[in-house]
Every structure is written in C-alpha cells, then in structure tokens.
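One structure is given below, encoded as structure tokens.
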Amino acid sequence: MSNGRLNRWRVLIGVALVALLPGCADNGSMNGIGASIFSDAPIFAGDPMPDAGPVADGTLAAVEAPVVHTAAQTTFGMPADAPPGFAPAEGPRAVAETDGPYLLDTGDRLRIFVYGQPNLSRSYTVDHDGTITVPLIGSVAARGNTIKDLAGSIRSRLGTEYVRDPQVTVDVIQNRPFFILGEVKTAGQYPYVSGMTIETAIAIAGGHSERASMRSYRITRRNNGFVEQIEAPGDYVLLPGDTVFVHERFF
C-alpha cells in the first residue's frame with residue numbers, strides 16, 4: 047500500500063475513534079486517563095486534576111483544580127453586610143448582661159430618703175447628664191452607679207459638712223423606659239419591666255403589624271458611652287434604655 051493511502055486510512059481511523067469516545071465514556075468502558083476524566087468522582091479544591099498529558103520531557107503534568115470560594119456564611123442574626131458595631135446575640139451574652147447589679151442612667155426615677163431630713167427626702171430623676179441634683183450638695187453623678195454606690199456618695203458629701211452621720215437609702219421607683227420602633231401596632235416609649243424580652247416588648251406595643259418579620263430583631267444599646275447594635279431572637283432579654291426595631295418582611 048502506498049504511503050498516501052496509508053495516511054488516509056490513519057486519518058479515517060482517528061476520526062472514528064474520536065466519534066466513539068463519548069459513547070465509551072457513558073458506558074464506563076474507558077480506562078486510564080480517559081476514565082479519570084469522565085469519572086463521576088468529585089474533585090475538591092486543592093486536589094490534583096487528572097493527568098493533562100505529556101510535556102516536553104515526556105512526563106505527565108498534573109493540573110491543580112482552582113480553589114472555589116463560596117458565598118460568605120452567616121450566623122443567626124449576623125448578615126454578611128453587617129455594619130460596624132453590629133453584633134449577633136448569643137445565649138450566654140443575653141444572660142451575662144442581666145446578671146450584674148442594676149446600673150443607673152438617664153430616665154431612672156429614684157426615691158432618696160435621708161433619715162431626719164425631710165427636705166432632702168424626695169424623688170429624683172436622673173437627667174441627660176447622668177446626674178441628680180440634691181439640696182445642699184448639688185449635682186451628684188448617678189450614671190453607671192448602683193443604688194448602693196449612689197447612697198454612699200450622698201452620705202459622704204452630706205456628712206462632710208452638712209449632716210452628722212447621715213443615714214441614706216436609695217430605691218428605684220421606676221426604671222428608665224425602653225423604646226420600640228418599626229413593624230409594631232403602637233410604636234413608642236414604654237416603662238421597662240424587669241426581665242422583659244423582645245417578645246414581651248412587642249406585646250406591650252400591641253403586637254406585630256401585618257408586615258412584620260419574626261426572624262430576628264435589632265436592638266440598639268448604649269454601653270459605657272458607646273452605642274452598639276445587636277441582632278437578636280425574640281427571647282433575648284432587654285435592658286432599660288434599649289431601643290428595639292422590628293424589621294419588615296420582604297415576602
């Protein structure tokens with residue numbers, strides 16, 4: 047057979063083999079490199095790909111699979127695009143923040159009693175500066191203090207110059223209010239109830255509106271002069287002064 051006819055036969059045989067390759071792959075009859083290419087076995091990021099064929103020195107080159115980055119995973123209450131200062135609520139945190147003594151702040155109404163001093167014994171409201179104004183001694187810092195600390199401060203200042211061995215007690219008449227906004231029937235300001243949760247706050251505000259989302263809620267809280275935002279479930283425990291925002295559902 048002449049060289050020209052032999053070459054034509056080689057071309058025809060090559061074309062026929064190429065046409066048969068998909069069928070062989072579907073039937074699982076391919077072996078070696080072909081089988082690894084068409085195999086259903088998963089390939090994970092970082093694993094070597096099947097041999098890509100010979101390179102210049104005659105060895106087989108391995109091609110690494112590209113690393114696939116998935117979309118950012120989110121925890122409950124922490125969207126991927128959360129703004130700075132935004133924190134998800136956690137169970138231990140919800141408990142820890144209500145375990146300590148009550149700290150006074152703006153809006154708290156107090157009853158101060160000084161034994162034998164009726165002019166000093168009256169109710170006071172912590173003002174926007176976090177202080178109360180007591181006759182004789184003037185402004186006294188209340189914000190961030192417990193009622194015991196505040197009583198000690200008043201006792202010390204009165205005893206220094208005005209009253210001999212003063213006996214002072216401080217009680218909270220009414221906690222500072224909380225605020226609730228968004229998709230509730232009656233948004234506004236309400237007196238805080240000790241141990242209340244977001245669900246309790248929503249009930250006080252008349253319940254959810256028809257468009258309210260019940261997946262999570264945003265709390266804005268002032269803590270040591272800083273404002274933080276917390277995304278929390280309905281059973282999260284509120285603190286006095288918190289602002290609750292009820293989201294609108296999209297569907």
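Residue numbers (this note's numbering): 47 to 297.
C-beta: ideal position from N, C-alpha, C; glycine also.
Predicted, not measured: the structure shown is a model, and the values here were computed from it.
Residue i versus the options, residue with shortest Cα-Cα distance
i: Gly228; options: Ser255, Ser240, Ile219 and Thr243; result: Ser255
i: Gly184; options: Gly190, Glu207 and Lys194; result: Glu207
i: Asn221; options: His293, Phe297, Val290 and Leu284; result: Leu284
i: Gly271; options: Gly280, Arg257 and Gly287; result: Gly287
Nearest-angstrom Cα separation, counted from residue j out to residue i
i: Phe224; j: Pro237; result: 6 Å
i: Ile200; j: Arg189; result: 14 Å
i: Gln235; j: Val290; result: 10 Å
i: Ser292; j: Tyr282; result: Ser is not the amino acid found at residue 292; the sequence shown has Val there. In a straight line, the C-alpha of Val292 is about 13 Å away from that of Tyr282.
i: Phe297; j: Gly280; result: 20 Å
i: Ala233; j: Thr177; result: 28 Å
i: Thr151; j: Pro212; result: Reading off the sequence shown, one finds Asp at residue 151, where the question assumed Thr. Looking at the two C-alpha atoms, the distance is approximately 25 Å.
i: Ala278; j: Ser262; result: 5 Å
i: Ile226; j: Gln163; result: 40 Å
i: Lys194; j: Thr246; result: 29 Å
i: Ala187; j: Tyr161; result: 21 Å
i: Thr179; j: Asp173; result: 9 Å
i: Asn269; j: Val239; result: 19 Å
i: Ile248; j: Asp175; result: 29 Å
i: Arg210; j: Ser202; result: 10 Å
Residues near residue i in its chain [Cβ-Cβ closer than 8 Å; skip 5 each side]
i: Pro181; result: Asn165 and Leu166
i: Ile219; result: Arg155, Leu156, Arg157 and Ser169
i: Glu294; result: Gly228, Glu229, Arg257, Ala258 and Ser259
i: Ile244; result: Tyr263, Ile265, Ala278, Pro279, Gly280, Asp281, Tyr282, Leu284 and Val290
Sequence-distant residues of its chain with Cβ nearer than 6 Å to residue i (five each side left out)
i: Thr192; result: Pro147
i: Phe159; result: Ser167 and Thr215
i: Leu149; result: Gly190
i: Leu196; result: Ala188 and Val216
i: Gly198; result: none
Contact set for residue i: own chain, Cβ-Cβ below 7 Å, skip 5 residues either direction
i: Met242; result: Leu284
i: Lys231; result: Ala251, Gly252, Gly253 and Ser255
Spell out a yes or no on whether the segment 167-186 and the segment 147-157 are touching, meaning 3 or more CB-CB pairs, one atom from each, closer than 8 Å.
yes
Could you tell me whether the segment 246-266 touches the segment 196-207, where touching means 3 or more Cβ pairs closer than 8 Å?
Here the segment 246-266 makes no contact with the segment 196-207; the two share fewer than three CB pairs at distances below 8 Å.
Output the residue ranges of the alpha helix (DSSP H) runs that lie fully inside the segment 216-286 and measure 4 residues or longer, sorted by chain position.
Listed in chain order, they are 244-250.
Give the list of continuous alpha helix (DSSP H) stretches no shorter than 4 residues that lie fully inside the segment 159-208.
193-207
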